[in-house]
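All residue numbers for the sequence shown refer to our numbering, where the first residue is 143 and numbers rise by one. No residue lacks a Cβ here, since even glycine has one placed at the ideal position from N, Cα and C. The block underneath contains the structure these notes are about, expressed in structure tokens.
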Amino acid sequence: MDNRPIGVFDSGLGGLTAVKQLMEKMPGERIVYFGDTGRVPYGTRSRETLIRYTGEAIDLLKSKNVKRILIACGTASTVLEAVGHDGLTPVSGVLYAASRAAVKATKNKKIGLIATARSIRSGEYERIIASLDPEVKVISKACPLLVPLIEAGRISLTDEVCRIVVGEYLEEIKAAGVDTLILGCTHYPIIRDVIDRAMDGNAVLIDAGAAAAEEVKELMTQEGTLSDGENAGAEFYVSDFPEGFATVGSMFLGQEIAGAVEKIDLPTRG
Ligand code: DGL
């Protein structure tokens, strides 16, 4: 048993999709969440900048005495191996869990992948999927407009701009006849309904945050590090504009988080 919190981070709101799942799967845990709202989006950054930002977020969560860290950001997860850390606190990302779930789900071995420009450029999802099943064909599409749209709260099925943008991004993937679609950025489950409608309900949607939360639960169960429920709950930190985060975040999490969001300064890595 370990009553310390689980640290979770993302560039902004997207990681809340994983927090929601962690809370449902392990209601006794305490979550410390960090959203790097002052520097979102990560998906348009260079690899070097992304490595630095990810390292700084890991250092911040470690300073909160967490027992494990989930990088609930597809983009930051692509540099997990390149980010230096002391190895004392286990750190996992979303790529492997999401890829594994997609390979398990596909019947026709055609998987669609939508993610940020940096994630697609990294080729990491394709590399992991090929290692799991070399016969799977991956049709991928970078969707740089989706994170800013979601951060701005344009998330409803009735939002015409959101529907048009999603529809255009998914055209090629839909035409390729995929039966499984990886939502490779943790922001995307927030617009799951819009994505599902654009795919005419014909693809199994893989939520990267949910798959990663399941993996974290499995790992903690094996390690014997689940908590006894005494400190259950969540606290939220952001690098800028807590009010904006609280508004859309509460809407998404389905619970009021206004009082629990604090602005925090990040430790810097050279
Ligand atoms: N939620 C992040 C991801 O999973 C968004 C990255 C961004 O800020 O562009 O990739």
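Residue from Phe383, Ala402, Gly396, Met393 whose Cα sits closest to the Cα of Arg181: Sequence index remark: in the sequence shown, residue 181 carries index 39 (1-based). Closest by alpha carbon: Phe383.
Test item: CB-CB of Thr328 and Ala160 under 8 angstroms: Taking the sequence shown and counting its residues from 1, the one referred to as residue 328 is at position 186. Taking the sequence shown and counting its residues from 1, the one referred to as residue 160 is at position 18. Going by C-beta atoms, Thr328 is nearer than 8 angstroms to Ala160.
Opening and closing residue of the alpha helix (DSSP H) in which Leu255 lies: By one-based count along the sequence shown, residue 255 stands at place 113. Counting along the chain, Leu255 falls outside any alpha helix (DSSP H), though it belongs to the beta strand (DSSP E) covering 252-257.
Among Ala294, Ile262, Arg296, Leu287, nearest to Ile281 - alpha-carbon criterion: Taking the first residue of the sequence shown as 1, we reach residue 281 at position 139. The residue with the shortest Cα to Cα distance from Ile281 is Ile262.
8 angstroms contact criterion, which Asp152 and Cys215 should meet: CB distance rounded: Along the sequence shown, one-based indexing puts residue 152 at 10. Along the sequence shown, one-based indexing puts residue 215 at 73. With a Cβ gap of about 4 angstroms, Asp152 and Cys215 count as contacting.
Status (buried if at least 16 other CB within 10 Å, exposed otherwise) for Met143: By one-based count along the sequence shown, residue 143 stands at place 1. Exposed, because fewer than 16 other Cβ atoms sit within 10 Å of the Cβ of Met143.
Contact between the region 167-181 and the region 368-378 (3+ Cβ pairs under 8 angstroms): yes
Closer than 7 angstroms: Thr217 CB and nearest the ligand DGL heavy atom: The residue given as residue 217 occupies position 75 in the sequence shown. Checking the Cβ of Thr217 against the ligand DGL gives yes.
Residue nearest to Leu164 in terms of C-alpha spacing, selected from Thr258, Arg210, Arg187: Taking the sequence shown and counting its residues from 1, the one referred to as residue 164 is at position 22. Nearest of Thr258, Arg210, Arg187 to Leu164, Cα basis: Arg210.
Run of the alpha helix (DSSP H) containing Asp201, from where it starts to where it stops: Start at 1 with the first residue of the sequence shown, and residue 201 comes out as number 59. Taken as a continuous stretch (DSSP letters only), the alpha helix (DSSP H) holding Asp201 covers 189-204.
For Ile315 and Cys304, believed in contact at Cβ under 8 angstroms, the rounded distance: Walking along the sequence shown from the start, residue 304 turns up at place 162. Walking along the sequence shown from the start, residue 315 turns up at place 173. Not quite, the Cβ-Cβ distance comes to about 17 angstroms (not below 8 angstroms), so this is no contact.
Alpha carbon of Glu190 to alpha carbon of Ala257, nearest angstrom: The count along the sequence shown starts at 1 and reaches residue 190 at position 48. The count along the sequence shown starts at 1 and reaches residue 257 at position 115. Roughly 19 angstroms between the two C-alpha positions.
Cβ shell of Gly125 (< 6 angstroms), same chain only, five flanking positions each side left out: It is not possible to answer for residue 125, since the shown part of the chain is limited to 143 through 412.
Lys269, buried or exposed, once every other Cβ within 10 Å from all chains shown has been counted against 16: The residue given as residue 269 occupies position 127 in the sequence shown. It is Arg, not Lys, that sits at residue 269 in the sequence shown. It is exposed - the Cβ of Arg269 has fewer than 16 other Cβ atoms within 10 Å.
Opposing strand residues paired with Leu325 [DSSP bridges]: Position 183 of the sequence shown holds residue 325. Paired residues: Ile256, Asp349.
Contained alpha helix (DSSP H) runs [length at least 4] in the region 210-290, N- to C-terminal order: 216-219, 237-247, 259-264, 266-274
Secondary structure of Ala88, DSSP reduced to three states: Residue coverage of the chain in this structure runs from 143 to 412, which leaves residue 88 outside it and unanswerable.
Neighbourhood of Val466 by C-beta distance below 6 angstroms, restricted to the same chain and skipping five residues each side: The chain is shown from 143 up to 412; residue 466 falls before or after that span and cannot be answered.
Neighbourhood of Ser241 by C-beta distance below 7 angstroms, restricted to the same chain and skipping five residues each side: Position 99 of the sequence shown, counting from 1, holds the residue named residue 241. Correct list, in chain order: Tyr267, Ile270, Ile271, Leu274.
Supposed contact pair Leu155 and Arg260 - C-beta distance, whole angstroms, cut 8 angstroms: Taking the sequence shown and counting its residues from 1, the one referred to as residue 260 is at position 118. Taking the sequence shown and counting its residues from 1, the one referred to as residue 155 is at position 13. That pair is no contact at about 18 angstroms.
Same chain, Cβ closer than 7 angstroms to Ile200, five either side skipped, listed in chain order: In the sequence shown, the residue the question calls residue 200 occupies position 58. Ile211, Val225, His227, Val233, listed in sequence order.
Cβ-heavy atom distance, Asp144 to the ligand DGL, below 7 angstroms: Here residue 144 refers to the residue found at position 2 when the sequence shown is read from its first residue. Because no heavy atom of the ligand DGL lies under 7 angstroms away, the Cβ of Asp144 does not count as near it: no.
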